[in-house]
Ligand SMILES: Nc1nc2c(c(=O)[nH]1)N[C@H]1C(S)=C(S)[C@@H](COP(=O)(O)OP(=O)(O)OC[C@H]3O[C@@H](n4cnc5c(=O)[nH]c(N)nc54)[C@H](O)[C@@H]3O)O[C@H]1N2
Ligand SMILES: Nc1nc2c(c(=O)[nH]1)N[C@H]1C(S)=C(S)[C@@H](COP(=O)(O)OP(=O)(O)OC[C@H]3O[C@@H](n4cnc5c(=O)[nH]c(N)nc54)[C@H](O)[C@@H]3O)O[C@H]1N2
Ligand SMILES: [Mo]
């Protein structure tokens, strides 16, 4: 039953480009999903798997965090990219000890992430000893002992880092943070630091809780939905059904994006006959905004709303809500009225008419939802942008009423649950007190390292052990060359993984690969089938039950790995009952119920048909647990991202054929890019102005205040409808360009959506055959002193320009967004 992965790597010379698609999903989506599934796992396993996806007694889709419908679930509650995520995990291809004997680590390091992932599921625990050329098998107990010895030998627990990727279920997350805190550190960086950290930071300050305030049912009740900085057709395809449903009930949808993303413009619902044949338009209006222009847009809309209120007093501002539930409205009004519309137009690249049209919709609607994702969070002023969007909703009283609210659309399927369970380097003392009380441990109170700080700590020799609970740290993080050197400087790197990735081949002096069960795999402990639970983007918690036979008997569940490691580290007499937790997940849920707010009676409620919803005080009772006890209007200086002369602003984004660093295939079907990934999408006028032609090969060089010219080579210029001065290329190929210090103010999220770049003609050398340019980003990255002076921006943060307006700057006055 075992299959082998492909032997050939990407050949970028096979790349072809066609016109972007007008409508997302449809029959092609179903066909592509089925083809991939059958290739990976055969017909029988495909049928068994798809029947269980997102069903009440099945497993939660490991794709995105979009919720399941609350009422009737259709027989196939999945989307093309959910199906791909499942096929990727449920594959019958395997990476065995024989595979590792055949391929040295040095050889694997020349392969692309795509090739590595396509080799299949990891089957055995493996170790790379100091100086060895190959990974060799290791017994589980020896692996745990090796890690425990290394951890015990550190002079302080703060020299160890424990990363988490958002696929990890609640039970694992809870135990993992408990292990890390029992050991004595808060070094719990996670993928959320690179993802929705800006949303959490902004919302906690504004409304007192870092989570979205809407449920799936609010979509059907909304009459205006703004979708900003998000590409749902690819990254949250089931959201298109919710948007189509909202439209059928009369809602308007406005898309705010630099790119005319296919799924936003049109959708063929693969689950209805009508949808398949005709399809629907999603966006009633498309605002093609400049990268980083959203804060200015929201500020401009605010001004127009105040003017509309002047014209028809009592119709726009929700006085009752603002007076009774909000703080800071007077300062917000002064600041907002003062904004210059010409500045807004320049910053957004939108016309006055477009902005006015949106303001009219915003003033007239009774129930407004604003949705967003990485286009807003991964900006230097991401926190301020989200606060500005929230300000608009507060002004109109749109928090805590049906059909309205804030909707940060989460990424990884359990990234929100991991936070609820304590995966955060800055968990509040109330949570730490609760675990201390429950288990009799003393968790440290000093905050730990987030993702960027973790890289700095390794780079500076302040951390020497890295443990990854899932994810692909080295490829997901910015500044690839710096990060790779940081990881290589570690004494020990441990990756708990389902599939091979680059973080296994960029390793510490000793390295371990610990293969684990995935969401789809059957998990039997002490003869009983175990279940795990997850929380979606709208705070719904429910069970997930794996059903497939694991590809190897050597796989362990994440829960078992955490518990066994804890037993090796703390011995059998530790206060925390690790062995009991390992053998019966219900006992973990009882502990969660005792410790985690809102989780009382967890075991029973999680078994209810659709699970249960966690409390959300603003949504449930218009209660705002902020420093002021009210919802806060936030005040920030207006920021946007101007384009320096001769330069471009680059955003790095996902193709339709990848899941973060996991590359499923080479077709970004909706955008018309096929057979390769090294492209840079540019406005046709910019291509001409910079002296290139469509199809040219270029090197991309990013510019930063440190004078280092970060470079990636051999990208094909593709003419694309992106705003002037704004370009786009895929993540993770362009991560070497993102400077480690280029982070969002207050959330420390890498600014993956606005890097200042210049282009140089690609001169390809014999040492670097074209066919291999896709292989590895870092292999073609050279950090060299820049030859051209970085652009002259008056601020010290390239890529973000700030106007001087007579307002308080939240960066220095965080008290306006104080959390409780
Ligand atoms: N199939 C699939 N599903 C996924 C993922 C995946 O890789 N593949 N990843 C998961 C994860 S972890 C996450 S976080 C989400 C990510 O979901 P998205 O945020 O949709 O992912 P990105 O591809 O980063 O797309 C960012 C979008 O924002 C736009 N954008 C960029 N900059 C700006 C800006 O300044 N302003 C505005 N208004 N728009 C901007 C881009 O043009 C693009 O449409 O998806 C999740 N789901
Ligand atoms: N330039 C740029 N960089 C970005 C982004 C961007 O838009 N642009 N986006 C950022 C965002 S939003 C995110 S969330 C991060 C993602 O960062 P990560 O979460 O670290 O990366 P993934 O690619 O999702 O991790 C994939 C790996 O997870 C492992 N895995 C999969 N399923 C399981 C499982 O069930 N258990 C375990 N233990 N392991 C599993 C597999 O080995 C697989 O290779 O990247 C960030 N980096
Ligand atoms: Mo994410």
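Residue numbers (our numbering): 294 to 1113.
The C-beta atom is built at its ideal place from N, Cα and C for all residues, glycine as well.
Kindly examine ligand 2 and report whether one of its heavy atoms sits closer than 7 Å to the Cβ of residue 786.
-> Numbered from its first residue, the chain shown carries residue 786 at position 493. Residue 786 has its CB no nearer than 7 Å to any heavy atom of ligand 2.
CB contact flag (residue 906, residue 833, <8 Å) | As a working note, residue 906 is residue 613 in the chain shown. As a working note, residue 833 is residue 540 in the chain shown. Annotated as proximal: residue 906 and residue 833, with beta-carbon spacing under 8 Å.
Residues of its chain near residue 1061, where Cβ-Cβ distance is below 6 Å and the 5 sequence neighbours each way are ignored | Here residue 1061 refers to the residue found at position 768 of the chain shown. Note on residue 1061: pLDDT 46, under 50, position unreliable in the model; the coordinate value appears next. Same-chain partners within the cutoff: there are none.
Give me the Cα-Cα distance between residue 890 and residue 973, rounded to the nearest whole angstrom.
-> Working through the chain shown from its first residue, we reach residue 890 at position 597. Working through the chain shown from its first residue, we reach residue 973 at position 680. Approximately 46 Å between the Cα atoms of the pair.
Inter-residue spacing [alpha-carbon to alpha-carbon] between residue 396 and residue 427 | Mapped onto the chain shown, residue 396 falls at position 103. Mapped onto the chain shown, residue 427 falls at position 134. Roughly 7 Å separates the two Cα atoms.
Give the single residue among 501, 610, 896 and 931 whose Cα lies nearest to the Cα of residue 632.
-> One-based indexing of the chain shown puts residue 632 at position 339. Closest option to residue 632, Cα to Cα, is 931.
Let me know the secondary structure DSSP gives residue 792 once reduced to three states.
-> Here residue 792 is taken as the residue at index 499 of the chain shown, counted from 1. Shown here, residue 792 sits in a strand according to DSSP, grouped into three states.
Which class does residue 508 belong to by DSSP, given the choice of helix, strand or coil?
-> For the purposes of this step, residue 508 is identified with residue 215 of the chain shown, where counting begins at 1. Look at residue 508 here: in three-state DSSP terms it is coil, with no helix or strand label.
Would you say the segment 768-788 touches the segment 1027-1046, given that touching needs at least three Cβ pairs under 8 Å?
-> Yes, since at least three Cβ pairs between the segment 768-788 and the segment 1027-1046 fall closer than 8 Å, the two stretches touch.
Go ahead and label residue 328 buried or exposed: buried means 16 or more other beta carbons lie within 10 angstroms of its beta carbon, across all protein chains shown.
-> Numbered from its first residue, the chain shown carries residue 328 at position 35. Flag for residue 328 reads exposed.
Residues of its chain near residue 411, where Cβ-Cβ distance is below 6 Å and the 5 sequence neighbours each way are ignored = For the purposes of this step, residue 411 is identified with residue 118 of the chain shown, where counting begins at 1. So the qualifying residues of the chain are 298 and 299.
For residue 1024, does the three-state DSSP call read helix, strand or coil?
-> Taking the first residue of the chain shown as 1, we reach residue 1024 at position 731. Correct three-state label for residue 1024: coil.
Beta bridge counterpart(s) of residue 1003 as assigned by DSSP | Sequence index remark: in the chain shown, residue 1003 carries index 710 (1-based). Under DSSP, the beta-bridge partners assigned to residue 1003 are 995.
Would you kindly report the start and end of the unbroken alpha helix (DSSP H) that includes residue 534?
-> Here residue 534 refers to the residue found at position 241 when the chain shown is read from its first residue. Element bounds for residue 534: 530-541.
Beta-carbon separation of residue 482 and residue 768 under 8 Å?
-> Locating residue 482 in the chain shown gives position 189, counting from the first residue. Locating residue 768 in the chain shown gives position 475, counting from the first residue. Not a contact, by the Cβ cut-off of 8 Å.
Going by beta carbon distance, what residues of the same chain come within less than 7 Å of residue 543, once the five residues before and after it are set aside?
-> For the purposes of this step, residue 543 is taken as the residue at position 250 of the chain shown. Correct list, in chain order: 516.
Complete runs of the beta strand (DSSP E) confined to the segment 651-717 [at least 3 residues] = Listed in chain order, the beta strand (DSSP E) runs fully inside the segment 651-717 are 661-665 and 698-701, counting runs of at least 3 residues.
On the three-state DSSP scale, how would you describe residue 385?
-> For this step, residue 385 is matched to residue 92 along the chain shown. DSSP, reduced to helix, strand and coil, places residue 385 outside both helices and strands of the structure shown, so it counts as coil.
Would you say residue 707 touches ligand 1, meaning its beta carbon is less than 7 Å from a heavy atom?
-> Counting from one through the chain shown, the residue named residue 707 turns up at place 414. No, Cβ of residue 707 sits at least 7 Å from all heavy atoms of ligand 1.
Can you say whether residue 1115 is buried or exposed, counting buried as having 16 or more other CB atoms within 10 angstroms of its CB?
-> The structure shown does not extend to residue 1115, since the chain is modelled only from 294 to 1113, so the question has no answer here.
Specify the secondary structure class of residue 837 as computed by DSSP and reduced to three states.
-> Stepping through the chain shown from its first residue, residue 837 is reached at position 544. In this structure, residue 837 counts as strand in the three-state DSSP scheme.
Spell out a yes or no on whether the segment 1034-1048 and the segment 984-1003 are touching, meaning 3 or more CB-CB pairs, one atom from each, closer than 8 Å.
-> Output reads yes: the segment 984-1003 touches the segment 1034-1048.
Rank 351, 659, 452 and 703 by C-alpha distance to the C-alpha of residue 667 and give the top, closest one.
-> Stepping through the chain shown from its first residue, residue 667 is reached at position 374. Of 351, 659, 452 and 703, the residue nearest in Cα terms is 703.
From which residue to which residue does the alpha helix (DSSP H) around residue 475 run?
-> Here residue 475 corresponds to residue number 182 of the chain shown, with the count starting at 1. For residue 475, the uninterrupted alpha helix (DSSP H) run begins and ends at 463-476, by DSSP.
Can you give the Cα-Cα distance for residue 519 and residue 592, rounded to whole angstroms?
-> Here residue 519 refers to the residue found at position 226 when the chain shown is read from its first residue. Here residue 592 refers to the residue found at position 299 when the chain shown is read from its first residue. As the crow flies, the alpha-carbon of residue 519 is around 15 Å from that of residue 592.
Going by DSSP, name the residue or residues bridged to residue 403.
-> For the purposes of this step, residue 403 is taken as the residue at position 110 of the chain shown. None; residue 403 has no bridge partner.
Around the Cβ of residue 747, are there at least 16 other Cβ atoms within 10 angstroms (buried) or fewer (exposed)?
-> Against the chain shown, residue 747 aligns to sequence position 454. Buried is the call here.
What's the gap between the Cα of residue 1042 and the Cα of residue 337?
-> The residue given as residue 1042 occupies position 749 in the chain shown. The residue given as residue 337 occupies position 44 in the chain shown. Rounded to whole angstroms, the gap between the alpha carbons of residue 1042 and residue 337 is 43 Å.
Can you check the segment 875-929 for any alpha helix (DSSP H) of at least 4 residues that lies completely inside it and give the ranges in chain order?
-> As far as the segment 875-929 is concerned, its whole alpha helix (DSSP H) runs of at least 4 residues are 878-888, 895-898 and 910-914.
Is the closest heavy atom of ligand 1 to the C-beta of residue 869 under 7 Å?
-> Translated into positions along the chain shown, residue 869 becomes position 576. Every heavy atom of ligand 1 is 7 Å or more from the Cβ of residue 869, so no.
Look up residue 554 in the DSSP assignment and say whether it is helix, strand or coil.
-> As a working mapping, residue 554 is identified with position 261 in the chain shown. Three-state DSSP puts residue 554 in coil, outside helix and strand.
Backbone CA spacing between residue 548 and residue 576 [nearest angstrom] | For the purposes of this step, residue 548 is taken as residue 255 along the chain shown, with counting starting at 1. For the purposes of this step, residue 576 is taken as residue 283 along the chain shown, with counting starting at 1. Rounded to the nearest whole angstrom, the C-alpha separation of residue 548 and residue 576 is 6 Å.
Can you tell me whether DSSP reads residue 628 as helix, strand or coil?
-> Counting from 1 along the chain shown, the entry for residue 628 is found at position 335. In this structure, residue 628 counts as helix in the three-state DSSP scheme.
When you compare each of 855, 1003, 531 and 1006 to residue 787 by their alpha carbons, which one comes out closest?
-> For the purposes of this step, residue 787 is identified with residue 494 of the chain shown, where counting begins at 1. Nearest of 855, 1003, 531 and 1006 to residue 787, Cα basis: 855.
Segment limits, alpha helix (DSSP H) that includes residue 436 = As a working mapping, residue 436 is identified with position 143 in the chain shown. Run containing residue 436: 433-445, per the alpha helix (DSSP H) assignment.
Could you tell me if the beta carbon of residue 704 falls within a distance shorter than 7 Å of some heavy atom in ligand 3?
-> Looking up residue 704 in the chain shown gives position 411. Under cutoff, so the answer is yes.
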